[in-house]
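Number of protein chains: 2
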Amino acid sequence: MAIGEFELIRRFFTKQAVKQASTVLGVGDDCALLRVEERQDLAVTADTLVEGVHFLPDVDPESLGHKVLAVNLSDLAAMGAEPRWVTLALTLPHPERAWLQSFARGFFALAERHGVELVGGDTTRGPLTITVQALGLAPREHALRRSGARPGDLVYLTGELGTAGLGLKIRQGSTDIDDPTAVVRLEKPEPRIDAGIRLRGLASSCIDVSDGLAADLGHILEASGVGATIEWDRLPLTDGISRYIVETGDWRMPLSAGDDYELCFTVPPANRDALEQRLAAGDCPFALIGRIESQAGLRLLRDGWSIEFSQDGYQHFTRD
Amino acid sequence: MAIGEFELIRRFFTKQAVKQASTVLGVGDDCALLRVEERQDLAVTADTLVEGVHFLPDVDPESLGHKVLAVNLSDLAAMGAEPRWVTLALTLPHPERAWLQSFARGFFALAERHGVELVGGDTTRGPLTITVQALGLAPREHALRRSGARPGDLVYLTGELGTAGLGLKIRQGSTDIDDPTAVVRLEKPEPRIDAGIRLRGLASSCIDVSDGLAADLGHILEASGVGATIEWDRLPLTDGISRYIVETGDWRMPLSAGDDYELCFTVPPANRDALEQRLAAGDCPFALIGRIESQAGLRLLRDGWSIEFSQDGYQHFTRD
Numbered sequence: 001m002a003i004g005e006f007e008l009i010r011r012f013f014t015k016q017a018v019k020q021a022s023t024v025l026g027v028g029d030d031c032a033l034l035r036v037e038e039r040q041d042l043a044v045t046a047d048t049l050v051e052g053v054h055f056l057p058d059v060d061p062e063s064l065g066h067k068v069l070a071v072n073l074s075d076l077a078a079m080g081a082e083p084r085w086v087t088l089a090l091t092l093p094h095p096e097r098a099w100l101q102s103f104a105r106g107f108f109a110l111a112e113r114h115g116v117e118l119v120g121g122d123t124t125r126g127p128l129t130i131t132v133q134a135l136g137l138a139p140r141e142h143a144l145r146r147s148g149a150r151p152g153d154l155v156y157l158t159g160e161l162g163t164a165g166l167g168l169k170i171r172q173g174s175t176d177i178d179d180p181t182a183v184v185r186l187e188k189p190e191p192r193i194d195a196g197i198r199l200r201g202l203a204s205s206c207i208d209v210s211d212g213l214a215a216d217l218g219h220i221l222e223a224s225g226v227g228a229t230i231e232w233d234r235l236p237l238t239d240g241i242s243r244y245i246v247e248t249g250d251w252r253m254p255l256s257a258g259d260d261y262e263l264c265f266t267v268p269p270a271n272r273d274a275l276e277q278r279l280a281a282g283d284c285p286f287a288l289i290g291r292i293e294s295q296a297g298l299r300l301l302r303d304g305w306s307i308e309f310s311q312d313g314y315q316h317f318t319r320d
Numbered sequence: 001m002a003i004g005e006f007e008l009i010r011r012f013f014t015k016q017a018v019k020q021a022s023t024v025l026g027v028g029d030d031c032a033l034l035r036v037e038e039r040q041d042l043a044v045t046a047d048t049l050v051e052g053v054h055f056l057p058d059v060d061p062e063s064l065g066h067k068v069l070a071v072n073l074s075d076l077a078a079m080g081a082e083p084r085w086v087t088l089a090l091t092l093p094h095p096e097r098a099w100l101q102s103f104a105r106g107f108f109a110l111a112e113r114h115g116v117e118l119v120g121g122d123t124t125r126g127p128l129t130i131t132v133q134a135l136g137l138a139p140r141e142h143a144l145r146r147s148g149a150r151p152g153d154l155v156y157l158t159g160e161l162g163t164a165g166l167g168l169k170i171r172q173g174s175t176d177i178d179d180p181t182a183v184v185r186l187e188k189p190e191p192r193i194d195a196g197i198r199l200r201g202l203a204s205s206c207i208d209v210s211d212g213l214a215a216d217l218g219h220i221l222e223a224s225g226v227g228a229t230i231e232w233d234r235l236p237l238t239d240g241i242s243r244y245i246v247e248t249g250d251w252r253m254p255l256s257a258g259d260d261y262e263l264c265f266t267v268p269p270a271n272r273d274a275l276e277q278r279l280a281a282g283d284c285p286f287a288l289i290g291r292i293e294s295q296a297g298l299r300l301l302r303d304g305w306s307i308e309f310s311q312d313g314y315q316h317f318t319r320d
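Protein chains in written order, with UniProt numbering: chain A, 1 to 320; chain B, 1 to 320.
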C-alpha cells in the first residue's frame with residue numbers, strides 16, 4: 001500500500017478520545033504496552049467479519065465499524081469482563097476516505113461508550129476482512145465461564161430473543177413485517193457489558209447468544225455436563241417476532257437465529273433474589289426462561305409438548 | 001461453515017504441547033483468561049498476512065504457518081518481551097485437511113520453541129487472510145521502545161542484512177544466484193526473541209526490520225528526534241548478497257528490502273561492553289553498523305560519499 005494510503009488510514013484511527021490510564025504505551029511502536037492491575041485476570045477474544053459471509057458488500061460502513069467491535073465486546077460481556085483495549089486488523093481492497101471515515105465513526109462511537117482504547121493492529125490490502133481482538137479485565141476467580149451450570153440453576157436471558165434474526169429477514173426482503181428496531185438490533189447490536197459485570201459472583205455460567213439460543217445454551221450444557229428445559233411461554237419475544245410467527249408458523253426461528261448478542265446465563269436458586277435486584281438496578285431487561293437439569297440435552301416446553309433439541313439441529317418430539 | 005468443517009479445523013488447533021502455567025482458561029470459552037505476573041507489562045501486537053499481497057497462492061502452508069507467527073513474535077522481540085500467548089484469526093476459502101495439517105505443523109513448531117500457547121481466535125470462510133495477535137510480557141520500565149535513541153548512541157543490527165530480499169528475488173526468478181539459506185530466511189524467518197531479552201536495560205531503542213533497514217531505522221530516528229550515519233563497510237552482508245550486488249550493481253537492495261526480521265537497536269556508549277558481552281553469550285550474530293547523531297536524517301557512508309536517505313525514498317547524494 002502506498003505511503004499516502006497508509007497516512008489516510010492512520011488519520012482515521014489515531015483520533016480517539018479514550019486514553020486508558022493503564023496504557024503504558026499506545027499505538028506507534030512495535031507493540032502496545034498495557035498494565036494489568038493486581039487481582040485482575042486478562043480476558044482475551046478475537047472475532048473476524050468477512051464481506052459476503054458476515055455482511056453484504058453494500059453494508060453501511062458505520063454499522064460495520066460498530067458491529068465488528070460489538071461482537072468482540074459481547075464476548076467480554078459474557079465473561080463478566082470490563083473492556084479496556086482492542087487491536088484492529090483491517091484488510092480492505094482500496095482505502096476510500098468516505099468509507100473509512102464512516103467505519104471509524106461507528107467503531108469509535110461504541111469504543112468511547114465503553115471506554116475502550118485502540119492500541120494497535122494492522123492495515124493491509126486485500127478482500128474486505130476485519131479482525132478485532134478485545135482485551136478486558138475481570139476480578140480473579142469472578143470471570144463467568146460456560147462450565148459452572150448445575151442442576152437446579154435457573155436459566156436467564158437478557159433482552160429479547162430472535163430480534164436480529166427478524167432484522168435479517170427484513171433486510172433480505174423475505175418478510176413484509178415492518179420492525180425497524182429489529183434491523184437496528186441486527187446491524188448495531190449492543191454488547192451487554194454492564195449486565196455481565198452485574199452477574200459477577202452470582203451467575204454460575206454465562207455465554208453470549210451469537211449462534212442462536214439453542215446452540216449457545218447447548219454450549220453451556222455441554223461444558224457443564226448438564227441439560228436444561230426452557231419454557232416457550234417465558235421467552236421474551238417482541239411484537240414483531242410474535243407477528244412473524246403468526247404469519248409464517250416458523251416458531252423455531254427465534255431459537256435458532258443468531259446475532260442477538262444477548263447474554264444467556266444460569267443462577268443458583270440461592271442467588272436468585274440478589275441477581276434479580278442487581279440486574280433490575282441496571283437498564284437491561286432480563287427474563288427467567290428455564291431450569292438446568294441433570295438429564296443431558298436441551299428441551300423446550302411448548303403447548304404441552306416437550307421438544308428435544310439435538311446437537312445436529314434435528315429435533316425430536318415427545319409428549320410431555 | 002458446516003459443523004464438520006469446524007470440527008476439522010478444531011482438531012488441528014487443539015493439539016498443542018504448550019500449556020502456560022499463567023493461562024487460567026485456554027481455548028473453548030467466550031474468552032481466554034490470562035494471568036499477568038506482578039511487575040510485568042503486557043506487550044500486544046497484531047499482524048495480518050493476505051494471499052496475493054504478502055504471500056503467493058502456491059506458498060508452502062507449513063512455511064506460512066511459521067511466518068504468520070514469526071512476524072508477530074518479531075514485534076515482541078523488538079520490545080524485549082517474552083512471548084506467552086497468541087490468538088489466530090484464520091479466514092480460508094475451503095478447509096482442506098492436508099493444507100490445515102501442514103499450516104498447523106509450521107505454526108506449532110515455532111510456537112513450541114518459544115513456549116507460546118494458542119488461547120483463542122476465529123475461523124471463518126472467505127479469501128485466505130490470516131491475522132495473529134501476540135501477547136508477551138516485559139518487566140516494567142524495561143521494554144525497548146523506538147523513542148530512546150540519543151546522539152552518540154551506537155547502532156547495531158542482529159544477523160544479516162537483505163537476506164530475505166535476496167530470497168524473494170530468487171523465488172521470483174529475477175536472479176540466478178543460488179542461495180537456499182536466503183529463501184529459508186524469507187519463508188521461515190526466526191524471531192530474535194532471545195536477543196531482544198538480552199537487550200533489556202542496555203539498549204536505548206529497538207525495532208525489528210520488516211520494511212527494510214532504511215525505513216525501520218528511520219522510525220527509530222523519527223520517534224527519538226535524532227539522525228544517524230551508518231557505514232557501508234560495517235553492514236553484515238552474506239556472500240550471496242555480495243555476489244548479487246557485484247552482478248547487478250543494486251547495492252541499495254539490502255537497505256530497502258524488508259522481511260529480514262532482524263533487530264536494529266541503539267546502545268549508549270557506556271553500555272557497549274556489557275551489551276556485547278551479553279549478546280555474545282547468546283547464539284545470535286550482531287554487528288555495530290553506525291552511530292546516532294543530533295542532525296536529523298539517515299546517512300550512509302559508502303566509498304567516501306555520504307548518501308542521504310529521505311522519507312519518501314528519494315536519495316540525495318553529497319560528497320563526504
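Glycine included, each C-beta is placed from N, C-alpha and C at the ideal position.
Mind checking who residue i pairs with in its DSSP beta bridge?
i	result
residue 321 of chain B	Residue coverage of chain B in this structure runs from 1 to 320, which leaves residue 321 of chain B outside it and unanswerable.
A:D41	A:A138
A:T163	None; A:T163 has no bridge partner.
A:Q34	Per the sequence shown, residue 34 of chain A should be read as Leu rather than Gln. In the DSSP output, where bridge partners are listed per residue, A:L34 has A:T23, B:L42.
A:W99	Answer by DSSP bridge pairing: none, since A:W99 is not bridged.
residue 345 of chain B	Outside the modelled stretch of chain B, which goes from 1 to 320, sits residue 345 of chain B, for which no answer is possible.
Please report how far the alpha carbon of residue i lies from the alpha carbon of residue j, in whole angstroms.
i	j	result
A:R11	B:G227	25 Å
B:F317	B:L279	Note that B:F317 has pLDDT 49, beneath the 50 cutoff, so the model's placement of it is unreliable and the number below is only indicative. When rounded, the distance between both Cα atoms is 35 Å.
A:S204	A:R150	8 Å
B:L275	B:G80	14 Å
B:A138	A:G120	17 Å
B:L199	B:D283	14 Å
A:D233	A:I241	14 Å
B:M1	A:C206	Confidence at B:M1 is low in this model, with a pLDDT of 44, below 50, so the placement of that residue is unreliable and no value is reported for it.
A:S210	B:K15	26 Å
B:G225	B:L263	20 Å
A:G196	A:P83	11 Å
A:T45	A:N72	7 Å
B:G258	A:L235	57 Å
B:D122	B:E247	47 Å
B:G159	B:G26	35 Å
B:D194	B:A111	14 Å
Using the Cβ count rule (16 or more neighbours within 10 Å means buried), how would you classify residue i?
i	result
A:S294	exposed
B:Q277	exposed
A:A281	exposed
A:R145	buried
B:K19	exposed
B:D30	buried
A:A17	exposed
B:P127	buried
B:Q133	buried
A:R185	buried
B:A270	exposed
B:H54	buried
A:R299	buried
residue 387 of chain B	Lying outside 1 to 320, the shown extent of chain B, residue 387 of chain B is not represented and no answer is given.
B:G304	exposed
Please decide whether residue i counts as near chain A, where near means a Cβ-Cβ distance under 7 Å.
i	result
B:V18	no
B:R146	yes
B:D176	no
B:L263	no
B:R200	no
B:A98	no
B:T266	no
Using a Cβ cut-off of 7 Å (strictly closer), state whether residue i contacts chain B.
i	result
A:R35	yes
A:P61	no
A:A143	yes
A:T158	no
A:A281	no
A:V86	no
Check whether the stretch 183 to 197 of chain A touches the stretch 61 to 77 of chain A, taking contact to mean three or more Cβ pairs, one atom from each stretch, closer than 8 Å.
-> In the pairwise beta carbon analysis, the stretch 183 to 197 of chain A is classified as touching the stretch 61 to 77 of chain A: at least three pairs are separated by under 8 Å.
Cβ contact (3+ pairs, closer than 8 Å) linking the stretch 24 to 41 of chain B and the stretch 22 to 36 of chain A | Segments in contact, yes.
Do the stretch 250 to 261 of chain B and the stretch 157 to 177 of chain B touch if we need at least three Cβ pairs shorter than 8 Å?
-> At 8 Å Cβ cutoff, the stretches touch.
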